[in-house]
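Below you'll find the structure, written out as structure tokens, and then a few comments.
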Amino acid sequence: MIGIYFSGTGNTKYCLEKFVALYDATAETVSLEESAVIGKIMLHKDIIFAYPIYYSNLPKIVRDFINDNQTIWEKKNIFIISTMGLFSGDGAGLSARLFKKYKAHIWGGLHLKMPDCICDVKALKHSPSQNQQIVFNAGKDIQLAVNKLKQGVPIKDGLGFFYHIAGFLGQRFWFISKTLHYYENVHIDKTACIGCGTCVSTCPMQNLSLIQEKAVAGKKCTLCYRCANQCKRKAITILGKHVISQWSISNWEDFNAK
Ligand SMILES: Cc1cc2nc3c(=O)[nH]c(=O)nc-3n(C[C@H](O)[C@H](O)[C@H](O)COP(=O)(O)O)c2cc1C
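Residue numbers for the sequence shown follow this note's numbering, beginning at 866 and rising by one.
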């Protein structure tokens, strides 16, 4: 078995690693950004595939990854995990339908609520203690889902017809333009940017570059929010106008350990 994930700010990576460690401690987890990922997928029949939800849809980078490598999914057994701030409807169903088209077998699906990572919009912001509770609850859900999978009765979150309708009407239909194409309007505050290059080196799309020691954004953003959350100068905004509070589960874990 192998765990494959895309994670903008760490929530999905965190959840997948917990799931895989409980299910099969010897199994590897690999980001779809790694160059060796295709070769590794080809060596395994059972896959745990994890990603975050954006506007009740797949991140464009994830949809492209599945579609661009359609032949590798044939006859694979895929359990899907999708992480979200609040609600997705058919989060796991989104990739399940694609995987089925490419002749994979869908093993099950798990939806996990995690802290919201949109650092420049107030909507779903939580206090540290609320985030602590959210992550704790996700841990319990992961344990339950692993137990069920081991018993041969996998959880099927997001996989039925009614989930599909809920996802479509709940959000996807209204915001489809946000995830259909790559996003073009990442904003960099040139006076705040000190040209440290953190955003350039972490962007999964190579959408950022340094020109005359200032970050410059291209037109191929997958909306993962990694750059905006990691920028020490809070110089990057994507959907909103100001960075309110940045989120990274690894910083949060360090903070909680102190
Ligand atoms: C652009 C964008 C859109 C999002 N849309 C949704 C959504 O429709 N529903 C939801 O519950 N969470 C939504 N979220 C929250 C993320 O799905 C959630 O924080 C996820 O766990 C982030 O995972 P990551 O840290 O692995 O990137 C959205 C986040 C972003 C960045």
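The beta carbon of each residue, even a glycine, is placed where N, CA and C say it ideally should be. All figures in this text were calculated on a predicted structure; none of them were measured in a lab.
ask   = Where are the beta strand (DSSP E) runs, 3 residues long or more, that stay fully inside the stretch 1069 to 1111, in chain order?
value = Qualifying beta strand (DSSP E) stretches, in chain order: 1073 to 1076, 1079 to 1082.
query = Could you give the C-beta distance for Trp1112 and Thr874, rounded to a whole number, given that I count them as a contact under 8 Å?
reply = The Cβ separation is near 6 Å, so the contact holds.
inquiry  = At the level of alpha carbons, what is the spacing between Tyr1090 and Tyr919?
reply    = About 11 Å.
key: Simplified DSSP state of Ser1115, which is helix, strand or coil   = DSSP, reduced to helix, strand and coil, places Ser1115 within a helical segment of the structure shown.
ask   = Looking only at its own chain, which residues have a Cβ that is under 7 Å from the Cβ of Tyr879, when we skip the five neighbours before and after it?
value = Cβ neighbours of Tyr879 beyond the five flanking positions: Ile1114.
ask   = Measuring CA to CA, which of Gln1095, Lys1097, Val1065 is closest to Lys1085?
value = Cα-wise, what sits closest to Lys1085 is Val1065.
message = I'd like to confirm the pairing. Which residues does DSSP put opposite Ser896 in its beta bridges?
response = Beta bridge pairing from DSSP links Ser896 with Tyr870.
Proximity test, Asn876 beta-carbon vs ligand 1 heavy atom, cut-off 7 Å = Correct: Asn876 has its Cβ closer than 7 Å to ligand 1.
ask   = If you draw a straight line from the alpha carbon of Gln1132 to that of Ile1076, how long is it in whole angstroms?
value = Given that the chain is displayed from residue 866 to residue 1123, the structure contains no residue 1132 and the question cannot be resolved.
key: Distance cut-off 7 Å: Tyr920 Cβ against heavy atoms of ligand 1   = Indeed, a heavy atom of ligand 1 lies less than 7 Å from the Cβ.
message = Following a CB-centred definition, is Leu923 positioned closer than 7 Å to any heavy atom of ligand 1?
response = Between ligand 1 and Leu923, a heavy atom-to-CB distance of less than 7 Å is absent.
key: Closest Cα partner of Gly956 within the set Cys1096, Ile983, Glu939, Thr877   = Here the closest residue by C-alpha is Thr877.
ask   = What do you reckon, are the CB atoms on Ile912 and Asn934 nearer than 8 Å?
value = For the 8 Å CB-CB criterion, Ile912 and Asn934 do not form a contact.
query = Are the stretch 1013 to 1028 and the stretch 961 to 977 touching by the rule of at least three beta carbon pairs closer than 8 Å?
reply = Put simply, the stretch 1013 to 1028 touches the stretch 961 to 977. At least three CB pairs are less than 8 Å apart.
query = What number of angstroms, rounded off, separates the C-alpha of Thr1067 from the C-alpha of Ile971?
reply = If you take the alpha carbons of Thr1067 and Ile971, they lie about 31 Å apart.
inquiry  = Output needed for Ile937: all residues of its chain with C-beta closer than 7 Å, excluding positions within five of it in sequence on either side, in chain order.
reply    = Taken in chain order, the residues that qualify are Ile903, Ile906, Met907.
task = Return the chain-ordered ranges of every alpha helix (DSSP H) run that is complete within the stretch 899 to 958 and spans a minimum of 4 residues.
result = Counting only runs of 4 or more, we get 902 to 907, 925 to 933.
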